[in-house]
Every structure is written in structure tokens, then in C-alpha cells.
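Numbering (my numbering), first residue to last: 823 to 1103.
Below, the structure is given as C-alpha cells:
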């Protein structure tokens, strides 16, 4: 989508959360965009700080809430403030909501809900993208959607006619069945909730109300990851691999590891016990 939206911008500017899902950086490279990193840190509760001076220069802002990898969420009021900014400074605001159906108790608000909440019922300058990948644990089906500003999507639909590619029909049929069913999604949510409960009990950490990630602060994260791989047969991802140094040279992923609690609970408990042993040194 960024290639479509930014192709006629001479000096495009894109902002996105940092750390981030790596395709955002790929989109920035493909569109030759200047990047503004919206750092997610412990100091700001892993929520992007609004800098209107910087945002006024943006053509496209990409949020990702519920967030990968920090597991943070934004309230409908917080999302609404971003909608107001998109209208005020005339940038396009996208929220990547692929974790929207992975929650422990209450459903997480969508950017579209926030848009209506602040009176932008036409969704001007607002889009959401979503995917079957996380809700159904089916990334291989390659099925998703984009929704929001109808004027923008009208042109994008024409663009996709020429440059888009369709999944094979058997995969489309399988995806349609998965999209139409919510029972299997609830089963997954129950497993993730049990895994979060185990993490709280074993590691004594706070867990999020959404996603299936722990964003764990550890000393020497890269070295610790190697220890987990080598000595404990536990795979995690160093946070610095999921982030980039910002304009000030600071990488907000340093000092963290991302843990995906996606296995069945018995196996997850075993992994958490090994992790605890490694942390205790």
C-alpha cells in the first residue's frame, strides 16, 4: 500500500512505531521515504509520544496496536487523538491491527472505532489493515483486508488490479471458512490467557491484555539470547533485532527480548521454567 500511496511524492516522509514489524522498514526503503521513528520505551509506557512538529511533515504514519513486540495497547481515546492529528496535519494514518482479536478479557478498540468516537465518521485519512495470520494461526493462508477512507481505497483497488496477486483458490476457500468462525479464535485466546497466567506465576512479571508476547527487560539481551539457545533450547528474539537506532542514535529494543507464548500451555510452562533458571543464572 505505501508504494501506491507515496509513489507521486517527491520526498515522502513516513513515521512508524519503533520497535516494529520489519515490513514497515521495507515499505520505507521501497518508497525512498525519510523515516521518523516513534520510539516505544518504558518511559512512555510503550506508547508513541506525539511530536506535532515532526508529524506535520509526514505523509504516512503507521501505528501497530495491539503492538508487536511490546504488547502495548492504546485506548479508544488515545487512538482518537491520533485521528485528530491526521486530520489536522493531513497525513494518512494506518493502524496495523493484526493482533486485534488476540486479547485476554475485553476486545481491543479499533482505529475505526476511535475515528467514529471523535466524529470522523467518513474515516477521512484513516485506514486499518488486518490479517487472518494471528487470529487463526494461519499466516500461510495470506488473507487480510484494508478498510477505512473510501476515496483512498477506490484508487488503491484500481492499482491492485494491475500489481496485486491472488492466493490460490483452495487457500481462499480455507480462509473464508476461518474468517467465518470465531470458536477456534476463542480456543486460541484461552490458551494464550493460560500462558500469560503461567508467565505471571513463574516469572513474576506483568502481562498485557492483548497479543501473546512478553517484552522482557534483561541485561545483555543478545548474549542472554545466545545462552537460551545454546544451554536451554529456548528460542526468543533479541529486541535490538526488532528496532533501529532513531534520529538520536538510540535503539529502544536494546535490553529486551521478545518471547512468543504460542505453544500449548504444558510446553510453555516448561519453557518458562527454563527461562527462569537462566535468569537466576
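We treat Cβ as the ideally placed atom computed from N, Cα and C, and that holds for glycine. Note that this is a predicted model, so its numbers are computed, not measured.
Could you give the first and the last residue of the continuous alpha helix (DSSP H) run that contains residue 925? One-based indexing of the chain shown puts residue 925 at position 103. Per DSSP, residue 925 lies in no alpha helix (DSSP H) and is assigned neither H nor E.
Quick check: the Cα distance between residue 1038 and residue 1087, rounded to an integer number of angstroms? Taking the first residue of the chain shown as 1, we reach residue 1038 at position 216. Taking the first residue of the chain shown as 1, we reach residue 1087 at position 265. Residue 1038 and residue 1087 have their C-alpha atoms some 19 Å from each other.
Grouping DSSP H, G and I as helix and E and B as strand, with all else coil, what is residue 901? On the chain shown, position 79 is the one that residue 901 refers to. Looking at residue 901 - three-state DSSP - the assignment turns out to be helix.
Between residue 916 and residue 933, what straight-line distance do the alpha-carbon atoms span, to the nearest angstrom? Locating residue 916 in the chain shown gives position 94, counting from the first residue. Locating residue 933 in the chain shown gives position 111, counting from the first residue. Residue 916 and residue 933: Cα-Cα distance of roughly 8 Å.
Straight-line Cα distance separating residue 898 from residue 872: Along the chain shown, read from residue 1 onward, the residue named residue 872 stands at position 50. Along the chain shown, read from residue 1 onward, the residue named residue 898 stands at position 76. About 16 Å.
Buried or exposed for residue 851, please, with buried defined as at least 16 other CB atoms from any protein chain shown within 10 angstroms of its CB. Taking the first residue of the chain shown as position 1, residue 851 is located at position 29. It is exposed - the Cβ of residue 851 has fewer than 16 other Cβ atoms within 10 Å.
Does the beta-carbon of residue 991 have 16 or more other beta-carbons within 10 angstroms, so that it is buried, or is it exposed? Walking along the chain shown from the start, residue 991 turns up at place 169. That one is exposed.
Would you kindly report the start and end of the unbroken beta strand (DSSP E) that includes residue 918? For the purposes of this step, residue 918 is identified with residue 96 of the chain shown, where counting begins at 1. 914 to 918 is the extent of the beta strand (DSSP E) around residue 918.
Inspect the beta-carbon positions of residue 1021 and residue 1044 and report whether they are closer than 7 Å. For the purposes of this step, residue 1021 is identified with residue 199 of the chain shown, where counting begins at 1. For the purposes of this step, residue 1044 is identified with residue 222 of the chain shown, where counting begins at 1. Judged by beta-carbon spacing, residue 1044 lies beyond the 7 Å limit of residue 1021, meaning their Cβ atoms are not closer than that value.
Excluding sequence positions up to five away, which residues of its chain have a Cβ less than 6 Å from the Cβ of residue 834? Start at 1 with the first residue of the chain shown, and residue 834 comes out as number 12. Excluding five sequence positions before and after residue 834, the CB atoms of its chain that fall closer than 6 Å to its own CB belong to 828, 853, 855 and 881, given in chain order.
At a cut of 8 Å, does the region 903 to 922 reach the region 1044 to 1059 through at least three beta carbon pairs? Result no; under three Cβ-Cβ pairs closer than 8 Å.
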